[in-house]
Amino acid sequence: MSFLAEFIIDNSVAKVISCHFGMDQSITVNGRASQKPVGGGIIELELESTSSTEFFDWMASPDQRKSGSVTFYRRDAMSRLKRLDFTDALCVSYHEYFHAEGSHPMITKMKLSAREISLEDVSVVNDWNAEA
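For what it's worth, the working numbering labels the leading residue of the sequence shown as 197, then goes sequentially.
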């Protein structure tokens, strides 16, 4: 089965080439979880580049927070598989790459740090107020 994904933020839609997100929990020596999941707000994206400078502006504005989603579709029927929503995300890394050859000659790579991340109906909220 092949897939397709879209990154949606504000009124912009970008085709996703790759997306990585996840979280970890510390465990005891016996293998039991010892605290809440950490790192649950980090989303790494590779997108097809567009003519818009919106994402570059987001990176250049360290206090600008955005909310959006990544929707994953089944390519065969274009039915939705699942959706990753994020709230109050900062763009903490932005790079554009150009390669004259290949199927994706210009790619935008971004890393987002979100206060809240939800996969369908399961949410993780990072307590940004607890930071020093």
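Even glycine gets a Cβ: it sits at the ideal position worked out from N, Cα and C.
Note down, in chain order, each residue of its chain lying with its Cβ closer than 7 Å to the Cβ of L315, except the 5 sequence neighbours on either side.
-> So the qualifying residues of the chain are K278, L280.
C-alpha gap between E250 and Y290, whole angstroms = About 11 Å.
V318 (DSSP reduced to helix, strand or coil) | It is a strand residue.
Cα-Cα separation between N226 and V318, rounded to whole angstroms = Approximately 26 Å between the Cα atoms of the pair.
Quick one: grab the DSSP three-state call for A328.
-> Because the pLDDT of A328 is 48, which lies under 50, any placement of that residue in the model is unreliable, and the question is left without a value.
Could you name each continuous beta strand (DSSP E) segment of 3 residues or more that falls completely within the stretch 215 to 251, going from the start of the chain to the end?
-> Runs of the beta strand (DSSP E) inside the stretch 215 to 251: 238 to 244.
C-beta contact flag for L241 and M302 at 9 Å | Taking 9 Å as the Cβ cut-off, L241 and M302 do not qualify as a contacting pair.
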